[in-house]
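So the sequence shown is numbered by the UniProt record's numbering: it starts at 1 and just counts up by one.
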Amino acid sequence: SVKKETANMMRKNIENHNIVKEAKVRAEEIIASAQRDAKAIRLGSRDYSDEILSQLDKEVELQKMKLITGLQANLKFFLF
């Protein structure tokens with residue numbers, strides 16, 4: 001119908017308008033920037049987690065060695 005054709009023609013004119021094109025380009029730039037930021041945050045949080053787990057592992061190892069040393073001292077005390 002003429003009404004549909006007119007609506008389609010108007011829609012195409014709007015889509016081809018420079019403001020709409022610029023808005024689409026800007027939207028793509030914003031999305032790309034957000035994706036880069038998200039990736040940086042993911043990598044940063046992974047590095048932070050690795051550092052925390054590494055510190056925890058060192059602390060567990062230290063406490064384990066203290067426990068073993070204490071047990072050995074007690075064992076020597078009871079055996080001798």
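Yeah, the Cβ is synthetic: ideal placement off N, Cα and C, and Gly gets one too.
These figures come from a predicted structure and were not determined experimentally.
For this session: Closer than 8 Å by C-beta to V76: which residues in its own chain qualify, once you throw out the five before and the five after it? Chain order, please.
Result: If you number the sequence shown from 1, residue 76 lands on position 76. Correcting the residue type first, residue 76 is Lys in the shown sequence and not Val. Within the same chain, K76 has no close Cβ partners at all.
Problem set entry | Chain-order list of residues whose beta-carbon lies under 7 Å from that of N74 (same chain, five-residue window excluded) | For the purposes of this step, residue 74 is taken as residue 74 along the sequence shown, with counting starting at 1. Result list for N74: empty, nothing under 7 Å.
Exercise. When you compare only the Cα positions, how much space is there between S49 and D57?
Worked result: Along the sequence shown, one-based indexing puts residue 49 at 49. Along the sequence shown, one-based indexing puts residue 57 at 57. Cα-Cα distance, rounded: 12 Å.
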